[in-house]
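Per this note's numbering, the very first residue in the sequence shown carries number 20; after that it's consecutive.
First up is the structure itself, then whatever we jot down about it.
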Amino acid sequence: MGVDSTVFYGSAPGRSGIIKSLPNINPNGFGTLMQEFIPKDYLGKRVQLSGFIKNNNVLGWVGMWMRVDSVNGSFDNMSNRPINGTGDWKSVENVLDVPEDTSNLAFGILLVGEGEAWLDECKFEIVDPTLVPTTEILNNAVPFVDTTGELNYPINLSF
Numbered sequence: 020m021g022v023d024s025t026v027f028y029g030s031a032p033g034r035s036g037i038i039k040s041l042p043n044i045n046p047n048g049f050g051t052l053m054q055e056f057i058p059k060d061y062l063g064k065r066v067q068l069s070g071f072i073k074n075n076n077v078l079g080w081v082g083m084w085m086r087v088d089s090v091n092g093s094f095d096n097m098s099n100r101p102i103n104g105t106g107d108w109k110s111v112e113n114v115l116d117v118p119e120d121t122s123n124l125a126f127g128i129l130l131v132g133e134g135e136a137w138l139d140e141c142k143f144e145i146v147d148p149t150l151v152p153t154t155e156i157l158n159n160a161v162p163f164v165d166t167t168g169e170l171n172y173p174i175n176l177s178f
């Protein structure tokens, strides 16, 4: 996993995040390329994370994911709308509520099984509360608390 300057969405010059499995791995094994931040600007809002995924020979599935760490946390990894096989850039999104007590927001790309995938042009935006969330409620979630306060916003969204 890392940054790829040869495969990217849009016009050159560009870069994307890449995740690639080892050959002949456990079909249920997974890896992720992720980032997390303290979402001060998003507290009490419905947020959409959008981006573009390109996939190559994905035998399991790939998805963009987002997790909200709060008392009633939420999570979406696209397991109910997986991407597999080989495909060109596809627009994807996660929509989650970010409660006032949220301590951390994490997001990334998840690859289950064998293959490779790229994620590019990620964007966070506050959306209308009528937009339906793509979430599953995390029962008994334990909030993550970052005491460093160093990352209060997402960075490197275009890799």
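A virtual CB, placed ideally from N, CA and C, is assigned to each residue, including glycine.
Inset, instruction - Between the Cα of I37 and those of I44, L52 and Y28, spot the shortest distance and give me the residue it belongs to. - result: Against the sequence shown, residue 37 aligns to sequence position 18. By alpha-carbon distance to I37, the top candidate from I44, L52 and Y28 is L52.
Legend entry - Exposure label - N113; buried when at least 16 CB within 10 Å: Mapped onto the sequence shown, residue 113 falls at position 94. The residue in question, N113, is buried, as its Cβ has 16 or more Cβ neighbours within 10 Å.
Inset, instruction - With a 10 Å radius around its C-beta and 16 neighbouring C-beta atoms as the bar for buried, classify K59 as buried or exposed. - result: Counting from 1 along the sequence shown, the entry for residue 59 is found at position 40. Counting Cβ neighbours within 10 Å, K59 comes out exposed, since fewer than 16 surround it.
Inset, instruction - Thinking F49 and L124 are a contact (beta carbons under 8 Å), I'd like their distance in whole angstroms, please. - result: Locating residue 49 in the sequence shown gives position 30, where the first residue counts as 1. Locating residue 124 in the sequence shown gives position 105, where the first residue counts as 1. Going by Cβ atoms, the distance from F49 to L124 rounds to 20 Å, so no, they are not a contact pair.
Inset, instruction - Spell out a yes or no on whether the segment 95 to 103 and the segment 40 to 47 are touching, meaning 3 or more CB-CB pairs, one atom from each, closer than 8 Å. - result: no
Inset, instruction - Could you tell me which uninterrupted beta strand (DSSP E) segments, each at least 3 residues in length, are contained entirely in the segment 49 to 123, listed from first to last along the chain? - result: The DSSP assignment places 49 to 56, 64 to 88, 93 to 95 and 102 to 117 as complete runs of the beta strand (DSSP E) inside the segment 49 to 123, in order along the chain (cut-off: 3 residues).
Inset, instruction - Taking S40 as part of the beta strand (DSSP E), name the residues at either end of that continuous run. - result: Along the sequence shown, read from residue 1 onward, the residue named residue 40 stands at position 21. First-last for S40: undefined, no H or E at that position.
Inset, instruction - Kindly list the residues whose CB is nearer than 8 Å to the CB of G82, restricted to its own chain and excluding five residues on each side of it in sequence; keep chain order. - result: Here residue 82 refers to the residue found at position 63 of the sequence shown. Cβ neighbours of G82 beyond the five flanking positions: I72, N96, M97, S98, R100, P101, I102, V111, I128 and L129.
Legend entry - Short Cβ contact (8 Å threshold) for I145 with V66: Here residue 145 corresponds to residue number 126 of the sequence shown, with the count starting at 1. Here residue 66 corresponds to residue number 47 of the sequence shown, with the count starting at 1. Yes. Within cutoff.
Inset, instruction - Compare the C-alpha of K64 against each of D116, E133 and F126 and name the closest. - result: Walking along the sequence shown from the start, residue 64 turns up at place 45. Minimum Cα distance to K64 is reached at D116.
Legend entry - CB of G134 within 8 Å of CB of N75, strictly: Within the sequence shown, numbered from 1, the residue matching residue 134 stands at position 115. Within the sequence shown, numbered from 1, the residue matching residue 75 stands at position 56. Yes, Cβ-Cβ distance for G134 and N75 is below 8 Å.
Legend entry - Range covered by the beta strand (DSSP E) that runs through G21: Against the sequence shown, residue 21 aligns to sequence position 2. It spans G21 to D23 - the beta strand (DSSP E) in which G21 sits, taken as one unbroken run.
Legend entry - Three-state secondary structure assigned by DSSP to V131: Taking the first residue of the sequence shown as position 1, residue 131 is located at position 112. Strand at V131.
Inset, instruction - Going by CA-CA distance only, name the one from G132, T121, F126 and D107 that's closest to D44. - result: Mapped onto the sequence shown, residue 44 falls at position 25. Residue identity check: residue 44 is Ile in the sequence provided, not Asp. With distances taken between Cα atoms, I44 lies closest to G132.
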